Amino acid sequence: MNIELCGYTYFPSALSSIFSPKLKLGAMNDKIRLDTIGARGGGFSLVKGSETWVRIHPDGSDRIEVVVNEKIKDFPPSIEAAKEMRRRYNITGKIEIRHRIDVPIGSGFGTSASSAAGVIL
């Protein structure tokens, strides 16, 4: 039986009030502790956020297709989340992912995390 599976999620964007920037340290760059950079908590949620639609087509291909805001065709957080779900749960078929993100991407609003979580859920 070939059943097409579909899902939808919405995550509000988050804005951290406490943030630790990543600084280039030249030769010491490989000694940066990743647990000491980025959002440190103490933030709040916004009304605007990320919407995600996922569809799994039982077509025999194992492609992953991602489109963000009808423009971006490559979004690593979503691709990696889909690969991990495919591996863990033996998902077969084409995975089609569509995101509509209403805040700037790569600007500290949590779009990578919300997109990956949207794919997983």
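Start counting the sequence shown at 31; every next residue gets the next number (the numbering used here). Where is the CB? At the ideal position from N, CA and C, for every residue including glycine. Just so you know, these numbers come straight off a predicted model, no measurement behind them.
For Arg-130, there is no enclosing alpha helix (DSSP H); the enclosing beta strand (DSSP E) covers residues 124-131. Pro-134 and Ile-94 have their C-alpha atoms spaced approximately 24 Å apart. Taking the CA atoms as reference points, Ala-146 sits about 24 Å from Gly-90. Excluding residues up to 5 positions away in sequence, Cys-36, Glu-126 lie with their Cβ nearer than 6 Å to the Cβ of Arg-85 in the same chain.
In the displayed model, Pro-106 falls within a helix according to three-state DSSP.
For the 7 Å CB-CB criterion, Glu-100 and Tyr-40 do not form a contact. In its chain, beyond the 5 residues on either side, Tyr-38, Arg-128 have a beta carbon closer than 6 Å to the beta carbon of Trp-83. When the beta-carbon positions are compared, Lys-78 and Ser-108 stay at least 7 Å from each other.
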